[in-house]
Every structure is written in structure tokens, then in C-alpha cells.
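All you need for my numbering is the position in the sequence shown, starting with 1, plus 46. Ideal Cβ positions, reconstructed from N, Cα and C, are used throughout, including at glycine.
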Amino acid sequence: MDTVKQQLDKLPTLARYGVIAVGVVLAAWVLFSLIGFLATLVFRVAVWVLVVGAAVLILQRLLGRNRS
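Here it is, written out as C-alpha cells:
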């Protein structure tokens, strides 16, 4: 079983660069997709924290006014 480098060495130069370029593009696409997913997740969590925090503050003020 040849290693990846040995298999690449068997290819013509142009094909070798093509394979490397496709690998780099795929790796970049996966990386940016992951970053986008994580950014979306963080944004959604932040929005939920703000909504729940605002609801808790409103309820505290409403309940506080009813008690006094």
C-alpha cells in the first residue's frame, strides 16, 4: 500500500497540483462551513440568553410591584 505522497509522486505534475488544489479547496470549504455553523450557534445562544434574561427581568419587576 503506497502512502499518499507516493501516490502523488506517480501522477504527472499538472495532475498532482490539481489534486492538491482540490484538497485545499475542500479543506477550506469544510473549515469555513464549520466556522459559519459555530458563529450561527453562538449567535442563536446569545439571542436566547438576551430573550430569557429580558423575560426574567420583566417578571421580577412585575412580581415585585405586586408584592409591595
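Residue i versus residue j - alpha carbon distance
| i | j | result |
| --- | --- | --- |
| W94 | K56 | 54 Å |
| V102 | A92 | 15 Å |
| F89 | A74 | 22 Å |
| L84 | L77 | 11 Å |
| A98 | I104 | For clarity, residue 98 is Val in the given sequence; the question names Ala instead. Approximately 10 Å, taken between the alpha carbons. |
| L80 | V70 | 15 Å |
| T49 | L87 | 38 Å |
| K51 | P58 | 13 Å |
| L108 | A100 | 12 Å |
| R62 | M47 | 19 Å |
| L72 | Q106 | 51 Å |
Pair within 8 Å by beta-carbon distance, residue i and residue j
| i | j | result |
| --- | --- | --- |
| L54 | V68 | no |
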